[in-house]
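**Student:**
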Amino acid sequence: MASLSSPWVEWTGEYTKAAQAEALPPNEWAARVATAAAAAGERGDVQFSAGLAEMLARVLLSGESSGAAPAAAWKYAEAALAARLASPALLLTLLSSRVIPQRVARPTAYRLYLELLRRHGFKLCFQMKAANSNK
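Following this line, the structure appears as structure tokens:
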């Protein structure tokens with residue numbers, strides 16, 4: 089598992105900011121990040137990278153406060169979750185502790201968080217490995 093300080097996660101953070109500035113399509117961004125992870129020697133379980141999930145959470149929330157279009161940043165998170173680059177459970181956990189307490193002050197971030205939760209939060213059964221869990 090990559091740590092937050094690994095070079096490819098740091099590169100991904102910088103690349104994400106540059107991609108937002110250039111309005112790069114989220115699917116193209118996700119493909120480039122996946123290529124960088126593979127080149128960095130990440131195994132097939134890149135989606136459980138804690139560093140990538142934390143970097144995405146920081147980028148999402150920093151975009152909201154800087155006045156940039158927050159919806160654009162959240163599209164990158166959606167692309168990362170759809171491409172299984174980040175664990176939905178980890179990303180939603182990181183965001184919930186930061187977005188829910190600020191839901192009145194930052195209604196756009198809260199609405200977009202709820203949309204991610206609706207799309208990915210209730211599909212976590214693939215991460216459950218217990219023999220007695222119901223599908």
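According to our numbering, the sequence shown is numbered sequentially starting from 89. From the three backbone atoms N, C-alpha and C, an ideal C-beta is built for every residue, glycine too.
Please work out which residues of its chain come closer than 7 Å, Cβ to Cβ, to residue 182, disregarding the five sequence neighbours upstream and downstream, and give them in chain order.
**Tutor:** Residue numbering aside, residue 182 sits at position 94 when the sequence shown is read from its first letter. For residue 182, where only same-chain residues beyond five positions count, the Cβ hits under 7 Å are 141, 142, 145.
**Student:** May I ask you to report which of helix, strand or coil DSSP gives residue 187?
**Tutor:** Translated into positions along the sequence shown, residue 187 becomes position 99. Correct three-state label for residue 187: helix.
**Student:** Of the residues 173, 165, 126, which one's Cα is nearest the Cα of residue 200?
**Tutor:** Walking along the sequence shown from the start, residue 200 turns up at place 112. When only C-alpha atoms are compared, the closest one is 165.
**Student:** Name the residue from 208, 105, 108, 125 whose alpha carbon lies nearest to the alpha carbon of residue 175.
**Tutor:** Residue numbering aside, residue 175 sits at position 87 when the sequence shown is read from its first letter. Residue 175 has its Cα closest to that of 208, out of 208, 105, 108, 125.
**Student:** Please work out which residues of its chain come closer than 6 Å, Cβ to Cβ, to residue 101, disregarding the five sequence neighbours upstream and downstream, and give them in chain order.
**Tutor:** Mapped onto the sequence shown, residue 101 falls at position 13. If we look at residue 101 and ignore the five residues flanking it on each side, its Cβ neighbours are 143.
**Student:** Tell me which residue opens and which closes the alpha helix (DSSP H) that residue 101 is part of.
**Tutor:** Here the question's residue 101 lines up with position 13 in the sequence shown. From DSSP, the alpha helix (DSSP H) with residue 101 extends over 95-110.
**Student:** Could you compute how far the alpha carbon of residue 111 sits from the alpha carbon of residue 127?
**Tutor:** Residue mapping note: residue 111 aligns to position 23 of the sequence shown, counting from 1. Residue mapping note: residue 127 aligns to position 39 of the sequence shown, counting from 1. Using only the alpha carbons, I get a separation of about 24 Å.
**Student:** Give the DSSP-derived three-state secondary structure of residue 125 in the structure shown.
**Tutor:** The sequence position of residue 125 within the sequence shown is 37, counting from 1. Reduced to three states, the DSSP call for residue 125 is helix.
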